[in-house]
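What follows is a single structure, written as structure tokens, with notes after it.
In my numbering, the protein residues as written are 228 to 535.
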């Protein structure tokens, strides 16, 4: 392996050591993905290790998130749902190695889009597929916190922004972000009081239409349930656009509340602002986030008022 970032090189070493301790023959480890997490395929084993590489949450909170993810993704897989499964070759629990908590997943071979494929049409179709996922998740028997990627998930990111403000983020931006976070805290405490018609249920938590893999044979699998949470379906439908919403409703996902979707989209953009905390660690992320940050600035500040 060549041209790996220092972060990815460390992740490969950790994943390989952890896999070998569990009896896996990780002779040819390779990096599949390197952004917020590093995904390491322990080839020739059909196992992928997710190594957290960027984050400010404490070790206990990270492990709680991972246990929730493994529980939900494992339950879905056991029911035959189209998801990337936790690896059946290791225990279904986080593995702590060198102070880092890892999760192990089944390797799937992803098919690349055809050169002439309409990627927007594919994305709209995948948003419609989220209706099936929500129907499956509605039966999950375990307990989940409400909108945990926002509260408390955003808190350590906003704290880090206050300590090490990235270039381009102003004091007014920070004040606005704190005000919006306070509004989200009020919403999470009693969401039905603000939106009586909201459908609270288990959710993917990180826009499932963006986290669907097309694998060999044309199958589509939902992946990356690390932000699984309880909440309104509108949280999973942020930033998919009107055609995506139409596809979701046509597929049986039920009516989407435009007012609640608007609030959730504001919350999703605040989450992007929080991700600026990672820019000092990964400078190339700044350019990736800037369009969404500009969109956040253009919107009216997020607020939550009780419905009549």
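The beta-carbon is built from N, C-alpha and C at its ideal position, and this holds for glycine as well.
- For residue 241 versus residue 324, is the C-beta distance shorter than 7 angstroms? Walking along the chain shown from the start, residue 241 turns up at place 14. Walking along the chain shown from the start, residue 324 turns up at place 97. Yes. Within cutoff.
- With contact counted as at least three CB pairs below 8 angstroms, one residue from each stretch, are the stretch 354 to 365 and the stretch 375 to 385 in contact? no
- Query: Does the beta-carbon of residue 394 have 16 or more other beta-carbons within 10 angstroms, so that it is buried, or is it exposed?
  - Reply: The sequence position of residue 394 within the chain shown is 167, counting from 1. Residue 394 should be labelled exposed.
- Message: Can you tell me whether residue 456 is buried or exposed? The criterion is at least 16 other CB atoms within 10 Å of its CB, across all chains shown.
- Response: Position 229 of the chain shown, counting from 1, holds the residue named residue 456. The residue is buried, with at least 16 neighbouring Cβ atoms inside 10 Å.
- Query: Per DSSP, what kind of secondary structure is residue 354 in: helix, strand or coil?
  - Reply: As a working mapping, residue 354 is identified with position 127 in the chain shown. Residue 354: helix per DSSP, three-state reduction.
- How many Å lie between residue 247 and residue 321 at the Cα? Indexing the chain shown from 1 puts residue 247 at position 20. Indexing the chain shown from 1 puts residue 321 at position 94. Each residue's alpha carbon lies about 15 angstroms from the other.
- Message: Looking at the strands, I want to know which residues DSSP matches up with residue 243.
- Response: Taking the first residue of the chain shown as 1, we reach residue 243 at position 16. Paired residue(s): none; residue 243 is not in a bridge.
- Query: Buried or exposed: residue 589, going by 16 or more other Cβ atoms within 10 Å of its Cβ?
  - Reply: The question about residue 589 has no answer here: the residues shown for the chain are numbered 228 through 535.
- Task: Might you give, ordered along the chain, the residues of its own chain that have their beta carbon closer than 6 angstroms to the beta carbon of residue 231, omitting 5 neighbours on each side?
- Result: Counting from one through the chain shown, the residue named residue 231 turns up at place 4. Nothing meets the Cβ criterion.
- Item | Where the beta strand (DSSP E) containing residue 559 begins and where it ends | Here the chain has residues from 228 to 535 only, and residue 559 is not among them.
- Could you check the C-alpha separation between residue 535 and residue 338 for me, to the nearest Å? For the purposes of this step, residue 535 is taken as the residue at position 308 of the chain shown. For the purposes of this step, residue 338 is taken as the residue at position 111 of the chain shown. Only weak support is given to the placement of residue 535: the predicted model assigns it a pLDDT of 40, under 50, and the value that follows is read from those uncertain coordinates. For residue 535 and residue 338, the distance between alpha carbons rounds to 49 angstroms.
- Just mark residue 515 as buried or exposed, buried being the case when its beta carbon has 16 or more other beta carbons within 10 Å. Taking the chain shown and counting its residues from 1, one reaches residue 515 at position 288. Its Cβ having fewer than 16 others within 10 Å, residue 515 is exposed.
- Message: Taking the straight line between their C-alpha atoms, what separation do you get for residue 423 and residue 496?
- Response: Mapped onto the chain shown, residue 423 falls at position 196. Mapped onto the chain shown, residue 496 falls at position 269. Whole-angstrom Cα-Cα distance: 24 angstroms.
- May I ask you to report which of helix, strand or coil DSSP gives residue 268? For the purposes of this step, residue 268 is taken as residue 41 along the chain shown, with counting starting at 1. Of the three classes helix, strand and coil, the one that applies to residue 268 here is strand, per DSSP.
- Is the beta carbon of residue 334 less than 7 angstroms from the beta carbon of residue 260? By 1-based counting over the chain shown, the position of residue 334 is 107. By 1-based counting over the chain shown, the position of residue 260 is 33. No, the Cβ-Cβ distance between residue 334 and residue 260 is not below 7 angstroms.
- Message: When you compare the stretch 476 to 492 with the stretch 439 to 454, are there three or more beta-carbon pairs, one atom per stretch, that lie closer than 8 angstroms?
- Response: Remark: fewer than three beta-carbon pairs, one from each stretch, lie closer than 8 angstroms, so the stretch 476 to 492 and the stretch 439 to 454 are not flagged as touching.
- Straight-line Cα distance separating residue 256 from residue 272: What you label residue 272 is simply residue 45 of the chain shown in a count that begins at 1. What you label residue 256 is simply residue 29 of the chain shown in a count that begins at 1. Taking the straight line from one Cα to the other gives about 9 angstroms.
- Task: Please confirm if the stretch 509 to 528 is in contact with the stretch 380 to 391, defined as three or more CB-CB distances below 8 angstroms between the two stretches.
- Result: no
- Task: Please go through the same chain and pick out, in chain order, the residues whose beta-carbon is closer than 8 angstroms to the beta-carbon of residue 445, but skip the five residues on each side of it.
- Result: Reading the chain shown from its first residue, position 218 is the one you call residue 445. Result list for residue 445: 338, in chain order.
- Item | Segments of 4+ residues assigned as alpha helix (DSSP H) that fall wholly inside the stretch 449 to 533 | 468 to 475, 485 to 502 and 512 to 525
- Item | Given residue 404 as reference, the closest of 373, 250, 494 and 348 once Cα atoms are compared | What you label residue 404 is simply residue 177 of the chain shown in a count that begins at 1. Among 373, 250, 494 and 348, the Cα nearest to that of residue 404 belongs to 494.
- Query: Taking contact to mean at least 3 C-beta pairs separated by less than 8 angstroms, is the stretch 411 to 430 in contact with the stretch 362 to 373?
  - Reply: yes
- Beta-carbon proximity list for residue 519, same chain, < 7 angstroms, skipping 5 on both sides: Position 292 of the chain shown holds residue 519. The residues are 496 and 499.
- Count the other C-beta atoms from every protein chain shown that fall within 10 angstroms of the C-beta of residue 251, then say buried if there are 16 or more, exposed otherwise. Indexing the chain shown from 1 puts residue 251 at position 24. Buried, since its Cβ has 16 or more Cβ neighbours within 10 Å.
- Exposed unless 16 or more other CB atoms sit within 10 angstroms - verdict on residue 287: Counting from 1 along the chain shown, the entry for residue 287 is found at position 60. Exposed, because fewer than 16 other Cβ atoms sit within 10 Å of the Cβ of residue 287.
- Among the residues of its own chain, which have a CB less than 8 angstroms from the CB of residue 526, if the five just before and after it don't count? Position 299 of the chain shown, counting from 1, holds the residue named residue 526. Around residue 526: 493 and 496.
- Got a sec? Which residues, its chain only, sit under 6 angstroms from residue 432 by beta carbon, not counting five neighbours each side? Counted from its first residue, the chain shown places residue 432 at position 205. 376, 454, 455 and 456, listed in sequence order.
- How big is the Cα-Cα spacing for residue 458 and residue 285? Within the chain shown, the letter at position 231 stands for residue 458. Within the chain shown, the letter at position 58 stands for residue 285. Computed Cα separation, rounded: 23 angstroms.
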